[in-house]
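With numbering that gives the first Met the number 0 applied, the sequence shown corresponds to residues 0 to 46, in that order. Quick reminder that beta carbons are idealized off the backbone N, C-alpha and C, glycines included. It should be emphasised that the depicted structure is a prediction, and the values quoted were computed from it without experimental measurement. In what follows, a structure is listed as structure tokens, so that the remarks can point back to it.
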Amino acid sequence: MTIEKQITQTVCGGKIKEPEKYPTAEYHGKRIYFCNNACLLHRKINF
Ligand SMILES: [Zn+2]
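What follows is the structure, encoded as structure tokens:
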């Protein structure tokens, strides 16, 4: 039996294996993930 890490997609299309290590935000009731803080700031401006 293997434990598979869930792969989560970030808003910019990247894939992350450990979402708890990345910045997140809630947008329209959905949790979204960012690959880093620069990405977070960039996307917040675009929202
Ligand atoms: Zn990004």
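Residue i in three-state terms, based on DSSP
i	result
I6	coil
E25	strand
N36	helix
Unbroken beta strand (DSSP E) run spanning residue i, endpoints
i	result
K29	29 to 32
Residue i vs residue j beta-carbon contact at 8 Å
i	j	result
T1	P18	no
Bounding residues of the alpha helix (DSSP H) (the contiguous stretch that carries residue i)
i	result
K16	Taken as a continuous stretch (DSSP letters only), K16 belongs to no alpha helix (DSSP H), as it is neither H nor E.
Residue i, buried or exposed, once every other Cβ within 10 Å from all chains shown has been counted against 16
i	result
Y26	exposed
* **Distance cut 6 Å, beta-carbon to ligand 1 heavy atom: residue list by chain order** => Result: T9, C11, G13, F33, C34, C38.
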